[in-house]
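A.B. asks:
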Amino acid sequence: MKFKITLIIIILIKTAFAQNVNLYTPLEILGAYENKTRDVSGKPGINYFQNFANYKISVKLEPYKNTISGNETILYKNNSSDTLNSIVFDLHQNLFKKGQKRSKNIHESDVGKHIVVDSIFVAGRLLNKINDTKLWNTKIKIKLEKGLLPNSELNLQLCWHYSLATETKIRTGVYENNSMFIGYWYPQISVYDDIDGWDMSSYDGLHEFYGEFSNYSVEIELPENFIVWATGKLQNPEQVLSDPIYTRYKAAIKSDKTTKLITADDIQNKMLTKSGHNRWIFKANSVSDFAFGISDKYCWDITSVELNTGDRVTIHTAYNPNSKDYDKAIDISRDVIKDFSNSSVQAYPFPQVTMFNGAGAMEFPMITNIGTEPDLNGILFTISHEFLHNYFPFLVGANQKKYAWIDEGFATYLTTSTQKKLGDDFDPLVSHIKVYESYAGKEQDEILMTSSHFLDNRSYIINSYFKSCSAFHVLHELIGEDKFSMCIQDFIENWQYKHPIPNDLFNTFNRVSGEDLNWFWNRWFFQKGYPDLAIDTLTISDSKIKIEITNIGGFPTAIDLKAYSNNKLINHINIDARVWKNTNMHTIEIDFDKTIDKIEIGDELVPDINKKNNTYILN
Ligand SMILES: [Zn+2]
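If you read the sequence shown in the working numbering, its first letter stands for residue 16, the second for the next number, and so on.
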């Protein structure tokens, strides 16, 4: 998801400098090392496991009534060494239940539009909903008559229905002209992992998700003329698209050129699909969720791009013809996917991506829900951020409920170079650092390692997006481009389609960079503090100017020192953040020059919350 924040006035708080190179490790994580499910190298351990679900979902959506009903069959495999006495499902739609605890407001007319589970079968046996299940906020726990043994499979079947919320638009919603984005819509088996066992953290409308990598086969039934865009590949285009649209589709799907598959004229002519109700079939393997968008009045553009791996990615944009500049989104999407291939994250990992023009900005595997943006830089910013989420968390699946700074931090930071390259006079990193600076050191500025679901709206946004972005930038500058890229690629390689935790990330960087960076992680991720360097004293002796610099806030950043003579730069020194590993005071000497009239530290790309103590004027 993407957030924008307005800058507010800075309040400065001093914290004491402290040095500690041992990272605090909670007991569950020590247990994971002991059980060898994780390794201190930052790689999965020899006993790492993940459970697996194979979903077959059949769903009927009635857009004129705003209702949806479904029938899903799941084959669930327990790959853990534990016997499971229950199965836990997420019922995200229970966000709309009356009395539900929420961190986001919902429209009062949508209260009560929660999911109704009509029936549950376990291994063919119909459950008694009162005796065999327990509802807990947006979770439902199903008791198993016989435990599910390690390496065993279980068949589950659920029927359900609900009315779509029509006024509330939190990440999904009903938009004008019969256009809808449907997410968090089906009972989804929660993650069972080596750290927490079952994930029992409920959805509150603010915090994000944690999904198990699963296979999906989904059939979506809709009235005539409605188009569906979804996670996964459309299996039966010839059965659902009208003949002229299908002819264009076949040619477009592997073309490097952009095809206007459905235009405003086509929408006017109402010849988009085959007649009668259509059943759209999609398949997606190893994805952590499934979402889709529908419309009978959206334009549809397609292009595709061949990556440097030889793989081809098909790109779709589905948009309201009245949305400003969205007809350009397809070309921006292509440029973004191409640019990612040459960046730290490398080749885009899925066969397709779709940008659906709904509201806000929310990522789902292979599809993203994006509202209308004010300008092209806004579209570029949002597309690149949301597309990057296909790497984090949809390829490397860290728990967003606890460690949102991993996926949001990477989506915010790793896209800045793409945005700068492709944008029009646009350097997002400068503005991200400014946003972080405006909150750093205040009460709302929480320690990065605080579990995301404990944070309120503002603390959550600062931590997950801007503080982590600033920390990754300082780290990148510290270890250099080559090592930073190698660390990211190693992390992706070892944790793709798996669930890393922050310690795995820290240990990967320590191993791959060949440097114990615990002192850095400890300050930026485990401690209170902020970036604030200051020129403490300046003395002239033996033809030298000695500049003593203090690290007031405790967070390590580079020292960027410039000496000016009559506004002309005559000396520029950049010292990386390692200088603060064992000290909070550093002295820099430069040759004396009687014309030097100003010495300054800092730069717009070096986070520093107080610029007033960065300058020394010499008479
Ligand atoms: Zn995001």
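Glycine included, each C-beta is placed from N, C-alpha and C at the ideal position.
In this text, all values refer to a predicted model and were calculated from it rather than measured experimentally.
Report buried or exposed for threonine 329, applying the criterion of at least 16 other Cβ atoms within 10 angstroms of its Cβ.
C.D. replies: With 16 or more other Cβ atoms within 10 Å, it is buried.
A.B. asks: On the three-pair Cβ rule with 8 Å, is the stretch 205 to 217 touching the stretch 246 to 263?
C.D. replies: These segments do not touch.
A.B. asks: Whole-angstrom Cβ separation of asparagine 170 and leucine 221, contact assumed at under 8 Å?
C.D. replies: That belief does not hold up - the Cβ atoms of asparagine 170 and leucine 221 are roughly 35 Å apart, past 8 Å.
A.B. asks: Tell me which same chain residues have a C-beta within less than 8 Å of the C-beta of proline 202, skipping the five on either side of it?
C.D. replies: Around proline 202: Glu87, Phe104, Asp105, Leu106, Ile130, Val132, Ile155, Leu173 and Trp175.
A.B. asks: Can alanine 426 be considered in contact with ligand 1, in the sense that its beta carbon sits closer than 7 Å to one or more heavy atoms?
C.D. replies: Yes, Cβ of alanine 426 sits closer than 7 Å to a heavy atom of ligand 1.
A.B. asks: Any chance you could list the alpha helix (DSSP H) runs of at least 4 consecutive residues sitting entirely within the stretch 423 to 505, in chain order?
C.D. replies: Taking only runs of at least 4 residues, the alpha helix (DSSP H) segments lying wholly in the stretch 423 to 505 are 431 to 437, 443 to 454, 472 to 476 and 483 to 494.
A.B. asks: Tell me the DSSP secondary structure of arginine 53 in three-state form.
C.D. replies: Correct three-state label for arginine 53: strand.
A.B. asks: Of all the options Trp595, Asp316, Ser303 and Ala267, which has the alpha carbon lying nearest to the alpha carbon of tyrosine 199?
C.D. replies: When only C-alpha atoms are compared, the closest one is Ser303.
A.B. asks: Using only the alpha-carbon positions, how far apart do aspartate 575 and aspartate 623 sit?
C.D. replies: Straight-line Cα distance between these residues: approximately 11 Å.
A.B. asks: Short of 6 Å in beta carbon distance, which residues of its chain neighbour valine 11, apart from the five on each side in sequence? Order them along the chain.
C.D. replies: With the chain represented from 16 up to 634, any question about residue 11 goes unanswered, as that position is not in the structure.
A.B. asks: Tell me the DSSP bridge mates of lysine 513?
C.D. replies: Looking at the DSSP assignment, lysine 513 forms a beta bridge with Val411.
A.B. asks: At the level of alpha carbons, what is the spacing between glutamate 388 and lysine 339?
C.D. replies: Spanning the two alpha carbons is a distance of roughly 7 Å.
A.B. asks: Can you list the beta strand (DSSP E) stretches of 3 or more residues lying completely in the stretch 112 to 139, in chain order?
C.D. replies: DSSP runs (the beta strand (DSSP E)) wholly in the stretch 112 to 139: 131 to 137.
A.B. asks: Return the CA-CA distance between tryptophan 536 and arginine 473, expressed in angstroms with no decimal places.
C.D. replies: Going from the Cα of tryptophan 536 to the Cα of arginine 473 covers about 23 Å.
A.B. asks: Between glutamate 123 and ligand 1, is the CB less than 7 Å from at least one heavy atom?
C.D. replies: The answer is no for glutamate 123.
A.B. asks: Flag this pair as yes or no: are the beta carbons of asparagine 645 and threonine 246 separated by less than 8 Å?
C.D. replies: There is simply no residue 645 to check, as the chain begins at 16 and stops at 634 in what is shown.
A.B. asks: So isoleucine 385 is in the beta strand (DSSP E); what residue range does that whole segment cover?
C.D. replies: Looking at the DSSP string, the run of the beta strand (DSSP E) that includes isoleucine 385 is 382 to 385.
A.B. asks: Helix, strand or coil, according to DSSP, for arginine 294 in the structure here?
C.D. replies: If DSSP states are grouped into helix, strand and coil, arginine 294 belongs with the strands.
A.B. asks: Run the CB neighbour count on aspartate 497, radius 10 Å, all protein chains shown included, and call it buried at 16 or more, exposed below.
C.D. replies: So aspartate 497 counts as exposed.
A.B. asks: For serine 310, count neighbouring C-beta atoms within 10 Å of its own C-beta (all shown protein chains included) and say buried if the count is 16 or more, exposed if not.
C.D. replies: That one is buried.
A.B. asks: Consider the C-beta atom of alanine 486 and the heavy atoms of ligand 3; say whether any pair is separated by less than 7 Å.
C.D. replies: Annotation note on ligand 3: not contained in the displayed structure, which lists ligand 1 as its ligands.
A.B. asks: Secondary structure at isoleucine 574, three-state DSSP: helix, strand or coil?
C.D. replies: If DSSP states are grouped into helix, strand and coil, isoleucine 574 belongs with the strands.
A.B. asks: Under 7 Å Cβ to Cβ from glycine 568, same chain only, skipping five residues before and after it: list those, please.
C.D. replies: If we look at glycine 568 and ignore the five residues flanking it on each side, its Cβ neighbours are Thr30, Gly456, Gly544, Tyr545, Pro546, Asp547 and Ile624.
A.B. asks: Using only CA atoms, which one of Gly291, Ser217 and Pro443 lies nearest to aspartate 481?
C.D. replies: First, the amino acid is wrong: residue 481 is phenylalanine here, not aspartate. Out of Gly291, Ser217 and Pro443, Pro443 has the C-alpha closest to the C-alpha of phenylalanine 481.
A.B. asks: Assuming lysine 51 and isoleucine 44 are in contact, meaning their beta carbons sit under 8 Å apart, how far apart are those beta carbons, in whole angstroms?
C.D. replies: Going by Cβ atoms, the distance from lysine 51 to isoleucine 44 rounds to 13 Å, so no, they are not a contact pair.
A.B. asks: May I have the straight-line CA-CA distance separating tryptophan 539 from isoleucine 462, to the nearest angstrom?
C.D. replies: Taking the straight line joining both Cα atoms gives about 8 Å.
A.B. asks: Going by C-alpha to C-alpha distance, which of Asp505, Ala549, Lys513 and Tyr512 sits closest to asparagine 522?
C.D. replies: The shortest C-alpha separation from asparagine 522 is found at Asp505.
A.B. asks: Which whole-angstrom value is the C-beta distance of asparagine 392 and phenylalanine 441, which I expect to be below 8 Å?
C.D. replies: Right, the Cβ-Cβ distance comes to about 5 Å (below 8 Å), so this counts as a contact.
A.B. asks: Which of helix, strand or coil does DSSP assign to tyrosine 264?
C.D. replies: Three-state DSSP puts tyrosine 264 in a helix.
A.B. asks: Is the closest heavy atom of ligand 1 to the C-beta of histidine 400 under 7 Å?
C.D. replies: Histidine 400 Cβ: within cutoff of ligand 1.
A.B. asks: Roughly how many whole angstroms lie between the Cα atoms of asparagine 100 and asparagine 143?
C.D. replies: Going by the C-alpha atoms only, they are around 16 Å apart.
A.B. asks: Quick one: is leucine 22 buried, meaning 16 or more other Cβ sit within 10 Å of its Cβ, or exposed?
C.D. replies: With a pLDDT of 40 at leucine 22, under the threshold of 50, the modelled position of this residue cannot be trusted; read the value that follows with caution. Classification for leucine 22: exposed.
A.B. asks: According to the Cβ coordinates, are glycine 424 and cysteine 484 closer than 8 Å?
C.D. replies: Contact: yes.
A.B. asks: For asparagine 109 versus serine 178, is the C-beta spacing smaller than 8 Å?
C.D. replies: No.
A.B. asks: Report yes if the C-beta distance between threonine 318 and aspartate 271 is below 8 Å; otherwise report no.
C.D. replies: Contact flag set, yes.
A.B. asks: Under 8 Å between the Cβ atoms of proline 380 and alanine 279?
C.D. replies: No, the Cβ-Cβ distance between proline 380 and alanine 279 is not below 8 Å.
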